[in-house]
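Chemist: My structure is below; once you've seen it, I'll send some questions.
Numbering (our numbering), first residue to last: 15 to 312.
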């Protein structure tokens with residue numbers, strides 16, 4: 015997901031008929047596949063198109079971007095979504111709530127999907143000092159950014175469905191040197207903090223790219239993620255107060271340090287000084303199909 019080329023982006027496992035699977039079985043399957051997320055599709059319960067449950071190798075999450083994009087494209091390719099002129103709109107029922115998704119079809123295949131976040135954005139400045147935030151990622155205070163979008167910035171907890179600790183980094187050189195120090199994170203970021211997954215953001219002069227990002231979530235079984243749509247949405251919440259009135263698009267790249275380049279389109283619509291809407295979009299490419307055998311005693 016979030017790529018136009020196989021073996022790039024963020025891989026996703028989709029189980030299209032998950033009726034009858036228990037929570038323990040879904041988690042065991044996600045652990046076995048060991049992808050950032052695995053999704054299980056169920057009949058809708060609240061008037062949406064499909065109910066979606068999303069599991070990392072560690073636990074279930076209420077919302078995630080690349081599972082949403084991937085599921086929408088899969089459903090369209092499987093003929094389970096009516097298409098109108100190469101486009102379709104559906105609503106996926108996720109734990110966070112109903113997530114609207116638009117799908118684009120080219121040459122008979124779903125190639126791109128864009129979700130609109132279901133949860134209002136939230137932003138809370140972190141109590142971390144710049145030096146403490148830098149310590150969490152084994153950088154120095156000078157490696158962190160002091161401004162973003164022309165306005166002062168500081169590490170903050172941001173969410174638009176799944177919370178993150180957003181740490182602005184000065185440049186992609188520092189971003190590439192960053193390493194998560196989980197001992198420091200455990201010391202400095204309490205378990206009940208608004209967001210503990212660490213999301214790093216650095217400006218880039220790469221043509222067509224505004225920011226390069228990285229995301230670390232070891233407690234979810236994701237040491238580093240190649241593409242994180244929910245974190246891109248959280249970045250929308252982070253950037254929103256710094257943006258003037260209007261619709262703003264920011265193109266993100268992720269997974270560069272992992273050898274799995276990804277591209278994510280973020281849009282933030284600011285109206286009357288507040289964020290009215292956040293959308294996250296990206297491409298999807300089918301890779302393989304198969305069957306998983308499950309023991310009856312699991």
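Glycine included, every Cβ here is placed at the ideal spot set by N, Cα and C. Predicted model only: the values in this text are computed from it and were never measured.
Determine the direct distance from the alpha carbon of residue 195 to that of residue 236, and round the result to whole angstroms.
Modeler: When rounded, the distance between both Cα atoms is 14 angstroms.
Chemist: Can the beta-carbon of residue 112 be found less than 8 angstroms from the beta-carbon of residue 62?
Modeler: Yes, Cβ-Cβ distance for residue 112 and residue 62 is below 8 angstroms.
Chemist: DSSP has residue 29 in a bridge; who is on the other side?
Modeler: Bridge partners of residue 29: 54.
Chemist: Which value, in whole angstroms, describes the spacing of the CA atoms of residue 78 and residue 215?
Modeler: Distance between the alpha carbons of residue 78 and residue 215: 18 angstroms.
Chemist: Whole angstroms is fine: what's the gap from residue 218's alpha carbon to residue 184's?
Modeler: If I take the Cα positions, the gap works out to 10 angstroms.
Chemist: What does the Cβ neighbour count give for residue 106, buried or exposed, with the cut at 16 atoms within 10 Å?
Modeler: The residue is buried, with at least 16 neighbouring Cβ atoms inside 10 Å.
Chemist: When you compare the CB positions of residue 8 and residue 234, do they come within less than 8 angstroms of one another, or not?
Modeler: No information on residue 8 is available, as it lies outside the stretch 15 to 312 that the chain covers here.
Chemist: Using only CA atoms, which one of 259, 29 and 281 lies nearest to residue 224?
Modeler: Of the candidates 259, 29 and 281, the one whose C-alpha sits nearest the C-alpha of residue 224 is 281.
Chemist: Measure the C-alpha to C-alpha separation of residue 101 and residue 47 and round it to an integer number of angstroms.
Modeler: So the alpha carbons of these two residues sit roughly 31 angstroms apart.
Chemist: Is it the case that the Cβ atoms of residue 19 and residue 299 are separated by a distance below 8 angstroms?
Modeler: Yes, Cβ-Cβ distance for residue 19 and residue 299 is below 8 angstroms.
Chemist: Within this structure, are the beta carbons of residue 316 and residue 277 separated by less than 8 angstroms?
Modeler: Only positions 15 to 312 of the chain appear in this structure, which leaves residue 316 out of reach.
Chemist: Mind checking whether residue 108 and residue 80 have CB atoms under 8 angstroms apart?
Modeler: The answer is no: Cβ separation not under 8 angstroms.
Chemist: Entirely within the region 52-111 and at least 3 residues each: give me those beta strand (DSSP E) ranges in chain order.
Modeler: Counting only runs of 3 or more, we get 64-69 and 101-108.
Chemist: Do you know how far the Cα of residue 287 is from the Cα of residue 269?
Modeler: Taking the straight line joining both Cα atoms gives about 33 angstroms.
Chemist: Give every residue of the same chain whose Cβ lies closer than 6 angstroms to the Cβ of residue 242, excluding the five residues on either side of it in the sequence, and list them in chain order.
Modeler: 229, listed in sequence order.
Chemist: Any chance the region 254-261 sits against the region 140-149, with 3 or more Cβ pairs inside 8 angstroms?
Modeler: Flag = no, the region 254-261 and the region 140-149 do not touch.
Chemist: Fully enclosed by the region 211-276, which alpha helix (DSSP H) runs are 4 residues long or longer?
Modeler: As far as the region 211-276 is concerned, its whole alpha helix (DSSP H) runs of at least 4 residues are 243-253.
Chemist: Can you give the Cα-Cα distance for residue 97 and residue 157, rounded to whole angstroms?
Modeler: One C-alpha to the other measures close to 48 angstroms.
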